[in-house]
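Right, one structure below, let's go through it.
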Amino acid sequence: MDLSYSLNTLYFLLSGVLVMWMAAGFTMLEAGSVRSKNVIEILLKNVALYSVASIGFLLGGYSLMYGWGDIDTHSVYSDFFFQVVFAATAMSVVSGAVAERKKLWTFLLFAAIFTTVIYPIQGSWSWGGGWLSERGFSDFAGSGIVHMAGAAAAL
1 MDLSYSLNTL
11 YFLLSGVLVM
21 WMAAGFTMLE
31 AGSVRSKNVI
41 EILLKNVALY
51 SVASIGFLLG
61 GYSLMYGWGD
71 IDTHSVYSDF
81 FFQVVFAATA
91 MSVVSGAVAE
101 RKKLWTFLLF
111 AAIFTTVIYP
121 IQGSWSWGGG
131 WLSERGFSDF
141 AGSGIVHMAG
151 AAAAL
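Just so we're aligned: 137 in full-length UniProt numbering is position 137 of the sequence shown, and the numbers increase by one with no gaps anywhere.
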């Protein structure tokens, strides 16, 4: 294991933790924008969202996004964590859009489908060597893929 591998892995982990803190901000924003009777459900929804996203991305999302190829520049586990928090962030966009408009179980069902199938397919277009990356599209930090996937799903 060389220094660049270790630094890349550390960078993925630290960046993932910072993105995960965005969820706390989204949760507070969402809780402040709903009626007081719905605050508990919003908090539960956002915690459950990360659980559902992690399980769905583990069961099929990551392999759907990247395939089964080997990664030799950083730890696969650190990249998995980094991508899970981005999948959950994309779903947080949907969460804010449907606050007080959907029942919890329907939201979590859609979150499972979104983080297991929809988001990984859109992510593979750019990050998994798909048709967008072949045409020169570069989106390292995820601003395009994450926010467009979340916004399209929110509609």
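All C-beta atoms in this analysis are idealised placements derived from N, C-alpha and C, irrespective of residue type, glycine included.
Of all C-beta pairs linking the stretch 55-63 to the stretch 33-41, fewer than three are shorter than 8 Å, placing the two stretches out of contact. Excluding sequence positions up to five before and after glycine 128, its CB lies within less than 6 Å of the CB of Met65 and Tyr66, all in the same chain and listed in chain order.
Around the C-beta of threonine 89, 16 or more other C-beta atoms lie within 10 Å, and the residue is accordingly described as buried. Apart from the 5 residues on each side of it in sequence, serine 51 has no Cβ closer than 8 Å to any other Cβ in its chain. For alanine 141, no alpha helix (DSSP H) encloses it, and the DSSP letter there is neither H nor E. Secondary structure at alanine 99: coil, using DSSP grouped into helix, strand and coil.
CA-to-CA, the gap between tyrosine 119 and isoleucine 145 works out to about 8 Å.
No beta strand (DSSP E) of 3 residues or more sits fully in the stretch 5-74. Distance from the CA of glycine 130 to the CA of isoleucine 121, rounded to the nearest whole angstrom, comes to 9 Å. Straight through space, the alpha carbons of serine 75 and valine 94 are spaced by roughly 30 Å. Taking alanine 48 as reference, the option from Leu109, Ser133, Ala154 and Leu7 with the minimal CA-CA separation is Leu109.
Looking at the backbone, the Cα of valine 98 and that of isoleucine 40 are separated by about 15 Å. Under the three-state reduction of DSSP, glycine 150 is assigned to helix. Across the set Trp125, Asp79, Ser15 and Ser4, the C-alpha of Trp125 shows the shortest separation from the C-alpha of aspartate 139.
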